[in-house]
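Residue numbers (numbering that gives the first Met the number 0): 0 to 123. Take a look at the structure below.
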Amino acid sequence: MNPYLRRVDSDALAATGVGDRFSQNLIGQATGAATCHVDWIRTPSGGGSPAGLHVHEVDQVFWVLEGTMSIEVDGREFDAPAGSLVVFPAGVPHRNWNAGPAPTVHLAVNTPAPDPAVPFARSV
């Protein structure tokens with residue numbers, strides 16, 4: 000395996016059910032990265048952040064690749080279509096969900112890498 004090339008496991012994605020949220024870690028401690036954590040996430044219609052409105056101790060950036068993600072931040076709701084970059088600074092309450100008819104796909108980048116000893120999301 001080439002340590003510099005990674006791919007999304009399309010076989011694992013195909014094995015998930017229609018209503019399942021699927022997340023695959025692409026970069027993180029398991030891959031030798033110490034300062035960031037990157038996940039590839041597919042969210043079905045009606046799905047969303049498991050924690051509802053929540054905060055993180057790290058900065059979080061979403062790059063929406065497919066579909067339209069709905070977002071609540073600072074008491075306001077927004078739609079982020081494919082191609083959008085969404086930035087949640089550490090400590091800012093937010094949530095995201097898929098209100099559209101088709102799945103959304105996004106990359107979630109967390110930096111610095113979350114401490115595995117601390118809960119990743121705290122509901123507010």
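We treat Cβ as the ideally placed atom computed from N, Cα and C, and that holds for glycine.
C-beta atoms of residue i and residue j nearer than 8 Å
i: Asp58; j: Pro88; result: yes
i: Pro100; j: Ser48; result: no
Whole-angstrom distance between residue j and residue i, CA atom to CA atom
i: Val123; j: Pro113; result: 18 Å
i: Gly46; j: Trp39; result: 15 Å
i: Arg121; j: His55; result: 7 Å
Assigned exposure category for residue i - 16 Cβ within 10 Å defines buried
i: Gly66; result: buried
i: Thr42; result: buried
i: Phe21; result: buried
N- and C-terminal bounds of the beta strand (DSSP E) containing residue i
i: Gln28; result: Element bounds for Gln28: n/a, residue is neither H nor E.
i: Ser44; result: Note, Ser44: premise wrong, no beta strand (DSSP E); not H, not E.
i: His55; result: No beta strand (DSSP E) holds His55; DSSP gives it neither H nor E.
i: Ala79; result: 75-80
i: Arg94; result: 93-96
Residue-chain proximity (residue i, chain C), Cβ-Cβ < 8 Å
i: Leu64; result: The chain inventory of the structure shown lacks chain C, comprising one protein chain alone.
Quick check: the stretch 62-76 against the stretch 98-108, are at least 3 beta-carbon pairs closer than 8 Å? Contact holds between the stretch 98-108 and the stretch 62-76, because three or more Cβ pairs, one in each stretch, are under 8 Å apart.
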